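Below is one structure, written out as structure tokens, with a few remarks after it.
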Amino acid sequence: MTKDVKDIFTIIANQLLSNPTINQLTKKATGGNRIKIYDYPEGADHSNTFILIKPVGPPVTGVSGSDIDLQIQFTIQIAVESPDRKEVKLLQHEIKEEMKKLNYAQMADGLDEYFEATGHFVDARRYRGNTALYDTNY
């Protein structure tokens, strides 16, 4: 018997794409979007803005009771890269608002740099949140 498992990365990506600003700024001319999970492929379009969603570590028990997981906690990093600094900041603002809707809070660490080698501004922020109570199928 196979049990369907939820994918937190798909949930986050879909939430981000529901935001018109994020959707517009990451949309490919050929359809699809420039939001990737774990890695942004070398052959992908690096000349435009893109978002990379990565786990900081494996999911852990958020809350448990009677030796049963009641909630799962995820720590996620979301990086925005673009040659346009203001676009990076706008997208991170919108991402933060969307992550709040999923009950994720921004953590204190992250990255805010300009990489001369790529000509990109990079703003990477970390978020932590728990699933809803009894939502543990991840």
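In my numbering, each residue's number is its place in the sequence shown (first place is 1) plus 165. All C-beta atoms, glycine included, are put in the ideal place defined by N, C-alpha and C. Source: prediction; values computed, not measured.
Residue i: which of the options sits nearest, CA to CA?
i    : options                : result
K251 : K193, Y299, D277       : D277
A270 : S231, H211, I243       : I243
G197 : D249, E259, A178, T240 : A178
H211 : N295, A282, L255       : A282
N188 : V170, E259, I202       : E259
Tell me which residues share the same chain as residue i and place their Cβ nearer than 7 Å to its Cβ, disregarding the 5 neighbours each side in the sequence.
i    : result
D107 : Past the edges of the chain, shown from 166 to 303, lies residue 107, and the structure says nothing about it.
Q180 : E263, K266, L267
S229 : L235
Y205 : F215, L217
M272 : R291, Y292, R293
G284 : P248
To the nearest angstrom, how far is it from the Cα of residue i to the Cα of residue j?
i    : j    : result
I200 : D234 : 30 Å
V225 : T301 : 10 Å
G222 : L298 : 21 Å
D232 : L190 : 45 Å
G208 : D172 : 25 Å
L256 : K193 : 16 Å
D249 : D169 : 40 Å
Which residues in the same chain as residue i place their Cβ atom closer than 8 Å to its Cβ, once the five residues preceding and following it in sequence are excluded?
i    : result
V253 : T214, V245, E246, S247, F286, V287, D288
I237 : P224, V225, T226, G227, N295, T296, D300, T301, Y303
T240 : P220, V221, G222, M272, R291, Y292, R293
Quick one: what's got a C-beta closer than 6 Å to residue i's C-beta in the same chain, skipping five residues either side?
i    : result
I202 : F174, I218
Inter-stretch contact (C-beta, 8 Å, three-pair minimum) for the region 256 to 272 and the region 181 to 188: yes
Entirely enclosed beta strand (DSSP E) segments - the region 217 to 259, minimum 3 residues: 225 to 230, 233 to 247
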